[in-house]
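A short worksheet on the structure shown next.
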Amino acid sequence: MSITGGGYMGTSRAVLAGVAVCALLSTAACGKSDSPGAAPAGAGSTAAAAAGKTSAAPADARTELLDATAKTSGTTSSYTTEVISEGDKVSSGTGKIDPARHANSSKSEFFGQGAGSMEMVVIGTDLYLKMNMAFAGTAAGSWMHIDGQQAGSLTKLGINADDPANLSSLPAGLVSVEKTGPGSFKGILDLTRTPAGKATMQQLGDAAKQIDFRATVGDGHLVALMIIVPSAIQMPAYTTTLRYSDFGAPVTIAAPAGAKPAPPALLEALK
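Letter by letter, the sequence shown follows residues 100 to 370 of the working numbering.
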């Protein structure tokens with residue numbers, strides 16, 4: 100969640116991106132919710148911002164939101180993710196983050212086409228992955244290990260050990276932001292300004308420059324972020340929602356016992 104939607108199992112990279120907290124600043128085919136209750140507090144309509152303009156955000160609203168985002172990224176936390184498409188849940192997940200140890204863990208479930216579940220642990224440059232369905236010639240239900248150094252880097256696979264939702268990309272993509280109430284924000288993102296920009300343009304075209312978002316801040320932390328992506332090209336509309344909690348609480352993230360090296364077919368599929 101990259102701001103990702105993670106989602107349908109149509110491509111190999113979408114599978115891993117979905118596990119990576121629906122990495123927020125990159126996109127994969129998913130869908131939009133028409134349910135008003137799905138949005139964090141303060142959700143409402145956002146006027147379109149002109150593509151390519153520099154940020155029009157009032158300094159106080161922009162600063163408050165980005166400071167809260169940095170505070171969330173800088174401490175241990177728990178999170179939940181949900182992707183909704185055309186009123187249907189596409190995926191959901193839970194996870195924990197320990198940025199000081201460069202570690203995170205997550206469990207994700209996928210619904211509809213390609214239904215299944217995954218678990219992932221990232222510690223430094225090591226990625227551990229377990230799926231309950233066969234994928235790229237691998238057996239279901241067993242832990243696999245991917246050495247990020249051998250794979251080129253986990254970043255190339257859309258994995259960020261310190262920041263699985265890639266919240267650090269938010270400043271680059273922020274076009275406008277408005278504070279709509281205590282702790283509530285709405286605005287526009289230009290996903291082409293983020294590291295996932297090229298892939299985003301291929302999937303969304305010019306729509307990638309005008310992405311609505313809603314955010315909620317509590318006790319100085321970013322506690323909820325919703326990305327609302329319209330339908331474009333061959334992609335359906337989708338909404339990705341992340342919620343954070345348990346800031347500063349102890350987190351235990353350990354390498355799974357008995358993990359075996361991932362087969363070359365899996366590494367090749369993720370390139």
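Ideal placement from N, C-alpha and C gives every residue a C-beta, glycine not left out. Here the structure is a predicted model, which is why all the values come from computation and not from measurement.
Asked                                                                                                         : Found
Alpha-carbon spacing of Asp159 relative to Thr293, whole angstroms                                            : 23 Å
Nearest residue (CA-CA) to Ser371, options Ser275, Pro270, Pro355, Thr180                                     : The structure shown does not extend to residue 371, since the chain is modelled only from 100 to 370, so the question has no answer here.
Distance between beta carbons of Gly347 and Trp242, contact taken as under 8 Å                                : Going by Cβ atoms, the distance from Trp242 to Gly347 rounds to 29 Å, so no, they are not a contact pair.
Cβ pair Val350, Thr175 closer than 9 Å                                                                        : yes
Runs of beta strand (DSSP E) wholly within the region 257-299 (minimum 3 residues, chain order)               : 273-280, 283-288
Span of the beta strand (DSSP E), counted from its first residue to its last, around Lys308                   : First-last for Lys308: undefined, no H or E at that position.
Three-pair Cβ contact test at 8 Å for the region 359-367 versus the region 335-345                            : no
3-residue-minimum beta strand (DSSP E) runs that sit fully inside the region 164-203, ordered along the chain : 176-184, 187-197
Cβ-based neighbour list, Asp80, same chain, cut-off 6 Å, excluding 5 preceding and 5 following                : Any question about residue 80 goes unanswered here, given that the chain covers just 100 to 370.
Ser283 to Ala314 span [Cα, whole Å]                                                                           : 6 Å
Residues that Ser330 bridges to, as DSSP identifies them                                                      : According to DSSP, Ser330 bridges with nothing at all.
Rounded separation between Glu218 and Gly211 - CA only                                                        : 18 Å
Residue(s) in a DSSP beta bridge with Arg313                                                                  : Lys285, Met325
Cα-Cα separation between Gly247 and Pro263, rounded to whole angstroms                                        : 15 Å
Nearest neighbour of Tyr45, chosen from Ser216, Ser344, Glu367, Leu266 [CA to CA]                             : Given a span of 100 to 370 for the chain in the structure shown, any question on residue 45 remains unanswerable.
For Val189 and Ala354, believed in contact at Cβ under 8 Å, the rounded distance                              : Not quite, the Cβ-Cβ distance comes to about 29 Å (not below 8 Å), so this is no contact.
8 Å contact criterion, which Lys170 and Gly319 should meet: CB distance rounded                               : 5 Å
Buried/exposed call for Lys195, threshold 16 Cβ in 10 Å                                                       : buried
Same chain, Cβ closer than 7 Å to Gly136, five either side skipped, listed in chain order                     : Reliability of the predicted coordinates at Gly136 is poor, the pLDDT of 34 falling under 50, and the value obtained from them is presented with this limitation in mind. Counting only Cβ-Cβ distances below 7 Å, and skipping sequence neighbours, we find nothing.
Per DSSP, the bridge partner or partners of Gly215                                                            : Phe209
Spatial distance of Ile326 from Lys359 (CA atoms)                                                             : 36 Å
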